[in-house]
Amino acid sequence: MDNAVSEIVSCYSGSSFAEHPISFIWQGQKLDVVVCQAEGRLPEGKFFHVRASDGRAYRLFYQFSDCDWTIEAR
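Under this note's numbering, the letters of the sequence shown match residues 9 to 82, in that order.
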């Protein structure tokens, strides 16, 4: 993840935290999540592969130990 940075992600949280992302800030720009193409859970956190309103694909990863999001353009 050479181009990964720590950013802000807004999520829907129903019965559990971060059930699915709604929007995120990438390089100072707010982007809406258009579609979540894949999601999963690892021992260290949750990830989402999304398509954003700018037409690009991103990987959003929430790390449990740091309580922090990492966003990577794909």
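Cβ atoms here follow ideal geometry from the backbone N, Cα and C, with glycine treated the same way.
field: Length of the line joining the Cα atoms of Gly-37 and Gly-48
entry: Taking the sequence shown and counting its residues from 1, one reaches residue 37 at position 29. Taking the sequence shown and counting its residues from 1, one reaches residue 48 at position 40. Note on residue identity: the sequence assigns Gln, not Gly, to residue 37. In a straight line, the C-alpha of Gln-37 is about 25 Å away from that of Gly-48.
message: Can you look up Phe-56 in the DSSP assignment and give me helix, strand or coil?
response: What you label residue 56 is simply residue 48 of the sequence shown in a count that begins at 1. Three-state result, Phe-56: strand.
DSSP beta-bridge partners of Val-41: Position 33 of the sequence shown, counting from 1, holds the residue named residue 41. In DSSP, Val-41 forms a bridge with Ala-60.
message: Just verifying my parser: in three-state terms, what is the DSSP assignment at Gln-35?
response: Within the sequence shown, the letter at position 27 stands for residue 35. DSSP places Gln-35 in coil when its eight states are reduced to three.
Nearest-angstrom Cα separation, counted from Asp-76 out to Gly-58: As a position in the sequence shown, residue 58 is number 50, starting the count at 1. As a position in the sequence shown, residue 76 is number 68, starting the count at 1. One point to set straight first is that residue 58 is Val, not Gly, in the sequence displayed. For Val-58 and Asp-76, the distance between alpha carbons rounds to 18 Å.
query: Phe-25 lies in the beta strand (DSSP E); which residues open and close that run?
result: The residue given as residue 25 occupies position 17 in the sequence shown. Premise fails: Phe-25 is in no beta strand (DSSP E) and is neither H nor E.
- request: Could you tell me the distance, in whole angstroms, from the CA atom of Tyr-20 to the CA atom of Phe-69?
  value: Within the sequence shown, numbered from 1, the residue matching residue 20 stands at position 12. Within the sequence shown, numbered from 1, the residue matching residue 69 stands at position 61. When rounded, the distance between both Cα atoms is 15 Å.
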